[in-house]
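A.B. asks: Below: one structure in structure tokens.
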Amino acid sequence: MKTLNDIIKWIIQSGLLAWLFYFGFAVGKPFIESKIKHAKTAQQKELWTLLQQVSMTVVNSLVGKDMTGQAKFVEAVTQVQAYLANKGLNVDMKQVQAAVQAAYELSTLTPTVDPTTNEEEQVEDGTAKAIDPKEVA
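The sequence shown begins at 40 in the numbering used here and counts up one residue at a time.
The following block contains the structure:
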């Protein structure tokens, strides 16, 4: 028992304990910082995925509404922002707008219309009619 007490006394007096603490802190700090950075990155990725899913759901729910496109966009942004705020998630309004715009562009329920063509050249599904090469020549 005396030997054990002597060893502990020597560790404390020699500064070995302070050196071990410093060495552990120096080695452990970058490891802990990398874990924190990884966790924040993963959290942001999951938040963006949730934002995309909520945006797509809101856009699809507004497709059949009798509203203008701009009114639908504003309503979708408002609903997505309210949902995220209700869940305690703080997302920049520009990111919400970008996600809603991307959801409109990716949605299979929203028609794609070429604004450069006339309405009479449009077919029912929203795409432009094919050009007949005999008519052009």
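For every residue, glycine included, the Cβ atom is placed at its ideal position computed from N, Cα and C.
Just the Cα atoms here: how many angstroms apart are E114 and N99?
C.D. replies: For the purposes of this step, residue 114 is taken as residue 75 along the sequence shown, with counting starting at 1. For the purposes of this step, residue 99 is taken as residue 60 along the sequence shown, with counting starting at 1. Each residue's CA atom was taken as its position, placing E114 and N99 some 12 Å apart.
A.B. asks: Quick check: V93 and V119, are their CB atoms within less than 8 Å of each other?
C.D. replies: Position 54 of the sequence shown, counting from 1, holds the residue named residue 93. Position 80 of the sequence shown, counting from 1, holds the residue named residue 119. Taking 8 Å as the Cβ cut-off, V93 and V119 qualify as a contacting pair.
A.B. asks: Taking the alpha-carbon of Y143 as reference, which of L101, N44, Y122 has the nearest alpha-carbon?
C.D. replies: Residue mapping note: residue 143 aligns to position 104 of the sequence shown, counting from 1. Checking every option, the nearest Cα to that of Y143 belongs to L101.
A.B. asks: Nearest CA to the CA of L187: which residue from M95, T80, F112?
C.D. replies: Residue 187 falls outside the range modelled here, since the chain spans only 40 to 176, and no answer is possible.
A.B. asks: Assign D45 to one of three DSSP states: helix, strand, or coil.
C.D. replies: Locating residue 45 in the sequence shown gives position 6, counting from the first residue. Assignment of D45 by DSSP, reduced to helix, strand and coil, places it in the helix class.
A.B. asks: If we ignore side chains and look at the alpha-carbon of each, how far apart do W80 and T42 end up?
C.D. replies: As a working mapping, residue 80 is identified with position 41 in the sequence shown. As a working mapping, residue 42 is identified with position 3 in the sequence shown. Residue identity check: residue 80 is Thr in the sequence provided, not Trp. Rounded to the nearest angstrom, the two C-alpha atoms are 51 Å apart.
A.B. asks: Using the Cβ count rule (16 or more neighbours within 10 Å means buried), how would you classify V135?
C.D. replies: Taking the sequence shown and counting its residues from 1, one reaches residue 135 at position 96. V135 is buried by the Cβ-count criterion.
A.B. asks: Quick one: using the 10 Å Cβ neighbour count with 16 as the cut-off for buried, is V139 buried or exposed?
C.D. replies: For the purposes of this step, residue 139 is taken as the residue at position 100 of the sequence shown. Buried, by the Cβ-count rule.
A.B. asks: What are the boundary residues of the alpha helix (DSSP H) that N129 is part of?
C.D. replies: Against the sequence shown, residue 129 aligns to sequence position 90. Careful: N129 lies outside any alpha helix (DSSP H) and carries neither H nor E.
A.B. asks: Express the C-alpha separation of N129 and L123 in angstroms, rounding to a whole number.
C.D. replies: The sequence position of residue 123 within the sequence shown is 84, counting from 1. The sequence position of residue 129 within the sequence shown is 90, counting from 1. Answer to the nearest angstrom: the Cα atoms are 7 Å apart.
A.B. asks: Go to S100, then tell me how far its alpha helix (DSSP H) extends in each direction, as first and last residue.
C.D. replies: Your numbering for residue 100 matches position 61 in the sequence shown. Per DSSP, S100 belongs to the alpha helix (DSSP H) from 55-100.
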